[in-house]
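Protein sequence lines correspond, in order, to chains A and B. Just add 1 to the spot in the first sequence (first one is 1) and you have the numbering used here. Just add 19 to the spot in the second sequence (first one is 1) and you have the numbering used here. Notes for the one structure printed next.
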Amino acid sequence: MLIKGYKFIVALLFLGVVGVSCQTVKPYQRAYLNDAAMQMGNNKVTGFERYALMIREGASGAGGKNSGGCGCN
Amino acid sequence: MKQTGSLIFLIMVSLAVKAQQDSVFTKKLLKSTQIDLLFSYYQQDGNHSAVTGGEGTEKLNVYLNKLLVTYAIDSFNTVMLEGGVDVISSASTDNIDMVVSSASAKDNRLWISAGYQHLLKNKRQILGGKPSFSIESDYLSWGFNGWWNSSNLNKDWRYGISAQLFADDLRWGRLNEDFKRPVTVVYPVELRDSVWFDIYMRYSYNFTFDLQHDINRRMTVGVFPGLTFQQGLLSTPFHRFYFRGANDAVVENLPRQRVKVPLGARLNSFIGARTIMQLYYRYYWDSFGINAHTIRLETPIKLLPQLTFTPFIRYYSQRGTKYFFPYKTADPTEDYFTSDYDLSDFSSVKLGAGIKLLIIRSDFFKQINFRYAYYKRSDGLYFNQLSSYFSMAGGGY
């Protein structure tokens, strides 16, 4: 019960911080947002790390050990 | 007053001339090629191999190589070709071969995929598709990945969906010189007098969605729900399992269907002018009874405009499947059982660092990356992984 309450407060704080920070971003204000490190896509150098984790942990998607490759070693 | 009038007249004339020049421009197609090379060395050890029933070495070395060529035909159309060869040396999979037996089994994984991506004329929607093919001595997989991405007019809301389909054949023999065709599912060497499974195919259907929003000029967030459905032979046929009190092994057995539901969230934010915080959380649930939480923090620091140093840490906690039993602890009445510690209760920590160098004074090399990761699992398994990535421009016009 205590843990559930703690998670709820953390989630509320997160949403509060994000909500308070909301601003409309104009096209000429995207210098930071357009930086490569701000993109949500997967970093190419981490490709094989993700593959290894898909095999070594149960919480994988379709890929690695579960499909598209044996990963059975 | 007269001078001001002359100035206005001159500005108007120059603008008119400029407008005329602009109206006769010809559209130029921008062709370009990008070549990406990725190398990685993976070294693992542990003492809970599923091949030997949950006890035994998990020593493993893998060399991974990948080549990706991306060719932009014009501003709207891109084709891509990628492939790789993994060289695997594994102590635990000795005898996972119908013909030879060696002190340390070696295997290769070859894979290739080719894709096409189209940017629609409104420049806000992307459609793409990529078939794939992968082969190992005991495995062949056909796959297809399709995706659609879009954004609003301001590009501060972005959304997308992707679907992956895989059809995997778990029969051995294609890479063996004597057979060169699929022969049989490979069981542990002492259990090959029985047919344990009457199926050899595994089908996977994977859907991922993403929704991203720019909160302000320094912060962006994304949520990534997913859904995966699998059916067919979901256990690995050469994993041994020992029931309580038994000296003889049986083959691991898992249900023929599995549903997986992951939900990821990410927040990227600039802190100051040189440091970026990348925070990631993922929750996972599946019908085997696995629940997992992942949290990861990466902080790229721009030491110089061309040089970025990225330390990272990742914590993972997993509640294992109800079908997992350690060596010789399961009751023989169980229908489904495995001693694969990848599906057990555990937590893990991964940490390391990467360095990225942008090369400005070269027409060929564009970017060089190196990254090291150390991973430790609470059951004792660990791995070291060293990766390098090189991005090159193959010329454009």
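Note that the Cβ used here is the ideal one computed from N, Cα and C, for glycine as well.
8 Å Cβ cutoff, residue i in contact with chain A
{"i": "B:Arg293", "result": "no"}
{"i": "B:Gln144", "result": "no"}
{"i": "B:Ile439", "result": "Examination of residue 439 of chain B is not possible in this model, given that chain B is present from 20 through 416 alone."}
{"i": "B:Ile402", "result": "The amino acid at residue 402 of chain B is misidentified as Ile; the sequence shows Phe. Closer than 8 Å to some Cβ of chain A, the Cβ of B:Phe402 qualifies, so yes."}
{"i": "B:Asn99", "result": "Note that residue 99 of chain B corresponds to Met in the displayed sequence, not to Asn. No, no contact with chain A."}
{"i": "B:Pro335", "result": "At residue 335 of chain B the sequence reads Tyr, which differs from the Pro that was named. Output row for B:Tyr335: interface = yes."}
{"i": "B:Asp64", "result": "no"}
{"i": "B:Ile234", "result": "yes"}
{"i": "B:Leu230", "result": "no"}
{"i": "B:Thr327", "result": "yes"}
{"i": "B:Arg190", "result": "no"}
{"i": "B:Tyr178", "result": "no"}
{"i": "B:Arg211", "result": "no"}
{"i": "B:Ile378", "result": "no"}
{"i": "B:Ile332", "result": "no"}
{"i": "B:Tyr342", "result": "no"}
{"i": "B:Gly373", "result": "yes"}
{"i": "B:Ser306", "result": "no"}
{"i": "B:Ser406", "result": "yes"}
{"i": "B:Ile309", "result": "yes"}
{"i": "B:Ala392", "result": "yes"}
{"i": "B:Pro2", "result": "Limits of chain B in this structure are 20 at one end and 416 at the other, which puts residue 2 of chain B out of reach."}
{"i": "B:Ser120", "result": "Bear in mind that a pLDDT of 42 at B:Ser120, under 50, signals an unreliable position, so the number given afterwards is only what the model happens to contain. Taking Cβ atoms only, chain A never reaches closer than 8 Å to B:Ser120, which makes this a no."}
{"i": "B:Ser366", "result": "no"}
{"i": "B:Pro319", "result": "yes"}
{"i": "B:Gly339", "result": "yes"}
Cβ-based neighbour list, residue i, same chain, cut-off 6 Å, excluding 5 preceding and 5 following
{"i": "B:Met99", "result": "Thr89, Gly134"}
{"i": "B:Arg333", "result": "Arg315, Lys369"}
{"i": "B:Phe289", "result": "Arg237, Ile295"}
{"i": "B:Gly162", "result": "Ser151, Phe185"}
{"i": "B:Trp304", "result": "Val280, Asn310"}
{"i": "B:Pro319", "result": "Ile295, Thr327, Thr329"}
{"i": "B:Leu87", "result": "Asp55, Glu101"}
{"i": "B:Leu405", "result": "Tyr60, Tyr391"}
{"i": "B:Gln183", "result": "Asn164, Asn225"}
{"i": "B:Ser223", "result": "Phe185, Gln249"}
{"i": "B:Gly291", "result": "none"}
{"i": "B:Tyr300", "result": "Ala284, Ile314"}
8 Å Cβ cutoff met for residue i and residue j
{"i": "B:Lys321", "j": "B:Arg293", "result": "yes"}
{"i": "A:Val18", "j": "B:Asp175", "result": "no"}
{"i": "B:Phe198", "j": "B:Gly192", "result": "yes"}
{"i": "B:Gln329", "j": "B:Ala372", "result": "The sequence as given places Thr at residue 329 of chain B; Gln does not occur at that position. Yes, these two residues count as a Cβ contact at 8 Å."}
{"i": "B:Asn195", "j": "B:Ser160", "result": "no"}
{"i": "B:Leu400", "j": "B:Glu77", "result": "yes"}
{"i": "A:Thr47", "j": "B:Arg390", "result": "yes"}
{"i": "B:Pro256", "j": "B:Val205", "result": "yes"}
{"i": "B:Gly103", "j": "B:Trp130", "result": "yes"}
{"i": "B:Phe344", "j": "B:Ser358", "result": "yes"}
{"i": "B:Asn287", "j": "A:Met39", "result": "yes"}
{"i": "B:Tyr219", "j": "B:Arg190", "result": "yes"}
{"i": "B:Lys149", "j": "B:Ser132", "result": "yes"}
{"i": "B:Leu323", "j": "B:Tyr302", "result": "no"}
{"i": "B:His137", "j": "B:Asn96", "result": "yes"}
{"i": "A:Phe49", "j": "B:Leu376", "result": "no"}
{"i": "B:Lys140", "j": "B:Ile92", "result": "no"}
{"i": "B:Lys125", "j": "B:Ile145", "result": "no"}
{"i": "B:Arg275", "j": "B:Gly251", "result": "yes"}
{"i": "B:Asp187", "j": "B:Arg221", "result": "yes"}
Rounded distance between the beta-carbons of residue j and residue i, thought under 8 Å
{"i": "B:Leu362", "j": "B:Ile309", "result": "7 Å"}
{"i": "B:Gln325", "j": "B:Ile387", "result": "Actually they are not in contact, since the Cβ atoms of B:Gln325 and B:Ile387 sit about 10 Å apart, beyond 8 Å."}
{"i": "B:Met411", "j": "B:Lys385", "result": "6 Å"}
{"i": "B:Tyr342", "j": "B:Phe307", "result": "6 Å"}
Sequence-distant residues of the same chain with beta carbon closer than 8 Å to residue i, five excluded per side
{"i": "B:Ala268", "result": "Gly72, Pro207, Glu209, Leu210, Arg259, Phe260, Tyr261"}
{"i": "B:Thr348", "result": "Arg263"}
Test: residue i CB closer than 8 Å to a CB of chain B
{"i": "A:Gly17", "result": "no"}
{"i": "A:Val26", "result": "yes"}
{"i": "A:Phe9", "result": "no"}
{"i": "A:Ala53", "result": "yes"}
{"i": "A:Leu13", "result": "no"}
7 Å Cβ shell around residue i - same chain, five flanking residues per side excluded
{"i": "B:Asp229", "result": "Tyr178, Gly179, Gly241, Phe243"}
{"i": "B:Gln62", "result": "Asn80, Phe402, Asn403"}
{"i": "B:Ile234", "result": "Val240"}
{"i": "B:Asp364", "result": "Gln337, Arg338, Gly339"}
{"i": "B:His312", "result": "Tyr302, Ser336"}
{"i": "A:Gly59", "result": "none"}
| field | Residues in the region 275-291 of chain B having any Cβ partner in chain A nearer than 7 Å | value | Lys279, Pro281, Arg285, Asn287, Phe289
Identify each residue in the region 235-265 of chain B for which the Cβ-Cβ distance to at least one residue of chain A is less than 7 Å, and report them in chain order. Asn235, Arg236, Arg237, Met238, Thr239, Val240, Gly241, Gly245, Thr247, Gln249, Thr255
What are the residues in the region 78-103 of chain B lying within 9 Å of chain A by C-beta distance?
Leu79, Val81, Leu83, Lys85, Leu87
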